[in-house]
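Colleague: Residue numbers (the working numbering): 60 to 258.
Yeah, the Cβ is synthetic: ideal placement off N, Cα and C, and Gly gets one too.
I have a structure here, written as structure tokens, and I will follow up with some questions on it.
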Amino acid sequence: MIKKIFLVFVMLFLVGCGMETKVISSADGDSKTYLFFKDFNPNSYYVEFFDRNTHKNDGTKIIMARDLDKYYYEINGSSKMINIWKDGYVYTLDVQMKNYNVMQGPVTDYAYGVLPNDMKSLRVSGYETGQEKIYGKRYVYEKYKHDNEETIYYFDGDNLVYIRYKGIERSVFFKFNLKKDKVDSSLFEIPSDYIEITY
């Protein structure tokens with residue numbers, strides 16, 4: 060009798076722990092991803108991630124920020140690299156040497172595929188949802204596909220934990236840290252004590 064009760068308990072536990080994969084063909088503003096990002100402005104943001112492309116304890120911080128046509132991208136790990144795009148130029152800052160170089164060139168939007176860029180579209184976009192184990196813990200995921208690209212958002216409850224993007228040219232895996240709606244304009248300024256290096 061005790062064995063039967065135990066077996067029934069185990070079966071119920073296993074069924075309760077599982078979440079089958081579902082495809083939502085059209086959402087109505089009720090996806091975890093949309094609810095998390097619903098106040099996100101793709102033209103003005105500051106977001107921090109931790110790199111998870113190599114291992115789960117990588118302390119490398121990645122910062123992406125945008126203020127209309129100005130972009131900021133920073134990798135801060137074993138070394139620190141900052142790129143700032145504004146007025147049709149890209150400024151590459153060497154924080155250790157306190158210098159920078161400047162070149163004319165288009166913006167490299169590192170947020171592409173990682174952060175939503177169209178909130179109206181995201182509100183109704185179809186997606187796949189289920190559970191996936193990452194570093195030994197199960198998370199609910201929402202997977203969005205477009206052509207040959209996919210973005211997967213992983214949640215613990217309503218909290219965004221990881222983002223994985225796979226495209227033709229690049230694949231990234233980040234742990235979400237924080238986001239701010241307002242961007243400090245000083246982020247896009249070159250420090251006055253930095254020296255311009257010309258080649």
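For Asn112, I'd like the list of residues in its chain whose CB is within less than 7 Å of its CB, leaving aside the five on either flank, ordered along the chain.
Modeller: Only Val231 and Phe232 meet the Cβ criterion.
Colleague: Could you say which of Lys139, Tyr104, Tyr150 and Glu133 lies nearest to Thr257 if we only look at CA atoms?
Modeller: Checked all of Lys139, Tyr104, Tyr150 and Glu133; the closest Cα to Thr257 is Tyr150.
Colleague: Rounded to a whole number of angstroms, what is the C-alpha to C-alpha distance between Gln190 and Lys145?
Modeller: Their backbone Cα atoms lie some 41 Å apart in a straight line.
Colleague: With 16 other CB atoms within 10 Å as the buried threshold, where does Gly172 fall?
Modeller: Buried.
Colleague: Helix, strand or coil, according to DSSP, for Thr92 in the structure here?
Modeller: Residue state, collapsed to three classes: helix.
Colleague: Can you tell me whether DSSP reads Ser244 as helix, strand or coil?
Modeller: In this structure, Ser244 counts as helix in the three-state DSSP scheme.
Colleague: Note down the Cα distance separating Leu181 from Met156, rounded to an integer number of angstroms.
Modeller: So the two alpha carbons sit approximately 42 Å from each other.
Colleague: Please report the distance separating the alpha-carbon of Asp87 from that of Asn176.
Modeller: Cα-Cα distance, rounded: 18 Å.
Colleague: Tell me the rounded alpha-carbon separation between Ser251 and Ser245.
Modeller: Approximately 11 Å, taken between the alpha carbons.
Colleague: Leaving out five residues on either side along the sequence, give the residues of the same chain with a beta carbon under 6 Å from the beta carbon of Thr188.
Modeller: The residues are Lys81 and Glu201.
Colleague: In the DSSP assignment, find the beta strand (DSSP E) that holds Arg125 and state where it starts and stops.
Modeller: Here the beta strand (DSSP E) through Arg125 covers Lys120 to Asp126.
Colleague: Quick check: Val242 and Tyr104, are their CB atoms within less than 8 Å of each other?
Modeller: It is a contact, given that the beta carbons lie within the stated cut-off.
Colleague: Whole angstroms are fine: how far does the CA of Ser85 sit from the CA of Met140?
Modeller: Whole-angstrom Cα-Cα distance: 40 Å.
Colleague: Tell me, which residues are paired with His114 by DSSP?
Modeller: Partner(s): none; His114 has no beta bridge.
Colleague: Can you confirm whether the stretch 120-133 touches the stretch 203-217 when touching is taken to mean that 3 or more C-beta pairs between the two stretches lie within less than 8 Å?
Modeller: Too few Cβ pairs lie closer than 8 Å, so no.
Colleague: Which of the three DSSP states, helix, strand or coil, is assigned to Arg182?
Modeller: DSSP places Arg182 in helix when its eight states are reduced to three.
Colleague: In its own chain, which residues sit with a C-beta less than 6 Å from the C-beta of Asp128, not counting the 5 before and 5 after it?
Modeller: Closer than 6 Å at Cβ, skipping near neighbours: no residue.
Colleague: Do you know how far the Cα of Ile143 is from the Cα of Phe214?
Modeller: Rounded to the nearest angstrom, the two C-alpha atoms are 31 Å apart.
Colleague: Does DSSP put Tyr203 in a helix, in a strand, or in coil?
Modeller: DSSP places Tyr203 in strand when its eight states are reduced to three.
Colleague: Could you give the uninterrupted runs of the alpha helix (DSSP H) lying entirely in the stretch 209-258, keeping only those of 4 residues or more?
Modeller: DSSP runs (the alpha helix (DSSP H)) wholly in the stretch 209-258: none.
Colleague: Could you please give the first and the last residue of the uninterrupted beta strand (DSSP E) stretch that includes Met140?
Modeller: It spans Lys139 to Lys145 - the beta strand (DSSP E) in which Met140 sits, taken as one unbroken run.
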